[in-house]
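For the sequence shown, the residue numbers in the working numbering are 7 to 179.
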Amino acid sequence: MTQVKKRILFDAETIGARVKELATEISTNHPDGNLLLIGLLKGSFVFLADLVRHLTVPCEIDFARVASYGTGTVSSGTLEIIMDVQTPIRGKDVILVDDIVDTGLTLSEYRKRIEQEDPRCLEVAALVDKAARRDKHVNLDYCGFQIDEGFLVGYGLDCNEQFRHLDSICVLE
Ligand code: PRP
7 MTQVKKRILF DAETIGARVK ELATEISTNH PDGNLLLIGL LKGSFVFLAD
57 LVRHLTVPCE IDFARVASYG TGTVSSGTLE IIMDVQTPIR GKDVILVDDI
107 VDTGLTLSEY RKRIEQEDPR CLEVAALVDK AARRDKHVNL DYCGFQIDEG
157 FLVGYGLDCN EQFRHLDSIC VLE
């Protein structure tokens, strides 16, 4: 593969500390442990795995895989659900977990889908918020880092399916 230049934006130690803080917030807000965390594949798999290991309350874990369609900052508003969550949702404290919020299409549309299943409450956790790119509003209850620009890879984030395994978040140069 052609050599790609990357610069570390958030190293493993910084990410680890922030993820632990988010897990503490979640544990505090949901003391009765009625939690269902839903990771949006593929990008959320590292964040979710680290997040749940710092929770101090019980939780269920499930995944969904969706694909959004749009170009640049203009999204078509179409979300295809490739693999939906299987765990019953009614009455649970559900948290949707994703690696990054960009245009907001993915989380805003999938949130609507989950809302229909009558969760007791429904929150959103994202490791990285790229708010300048927002097209659809998403309320982020738990947010790791905010960035303005740059193409990010690592810690679950990919470029053409590469770099998801990196333990830091890097910006492509
Ligand atoms: C990425 C990311 C989010 C979504 C954010 O997923 O993981 O789910 O895009 O973009 P949005 O806010 O503009 O909707 P992607 O579709 O690249 O798939 P992946 O998770 O498999 O990498």
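From the three backbone atoms N, C-alpha and C, an ideal C-beta is built for every residue, glycine too.
Residue closest to residue 127, alpha-carbon to alpha-carbon, out of 22, 20, 36: By one-based count along the sequence shown, residue 127 stands at place 121. Of the candidates 22, 20, 36, 36 places its Cα closest to the Cα of residue 127.
Local Cβ density within 10 Å of residue 30, reported as buried at 16 or more and exposed below that: Locating residue 30 in the sequence shown gives position 24, counting from the first residue. Burial is judged here by how many other beta carbons sit within 10 angstroms of a residue's own beta carbon; residue 30 has fewer than 16 and is exposed.
Minimum length 4: unbroken alpha helix (DSSP H) runs contained in the region 98-137: If only uninterrupted alpha helix (DSSP H) runs of at least 4 residues are considered, those enclosed by the region 98-137 are 111-121.
Range of the contiguous beta strand (DSSP E) that encloses residue 12: Numbered from 1 along the sequence shown, position 6 holds the residue referred to as residue 12. Counting along the chain, the beta strand (DSSP E) containing residue 12 begins and ends at 12-16.
Residue 78 - DSSP class collapsed to helix/strand/coil: Reading the sequence shown from its first residue, position 72 is the one you call residue 78. In this prediction, residue 78 has a pLDDT of 49, which is less than 50 and means its spatial position is unreliable; what the coordinates show is noted afterwards. Coil, per DSSP.
DSSP bridge partner residues for residue 163 (one or two, in chain order): One-based indexing of the sequence shown puts residue 163 at position 157. Partner(s): 160.
Short Cβ contact (8 Å threshold) for residue 156 with residue 169: As a working mapping, residue 156 is identified with position 150 in the sequence shown. As a working mapping, residue 169 is identified with position 163 in the sequence shown. Not a contact, by the Cβ cut-off of 8 Å.
Top-ranked residue by Cα proximity to residue 139, from 107, 112, 145: Locating residue 139 in the sequence shown gives position 133, where the first residue counts as 1. The shortest C-alpha to C-alpha distance from residue 139 to any of 107, 112, 145 is the one to 107.
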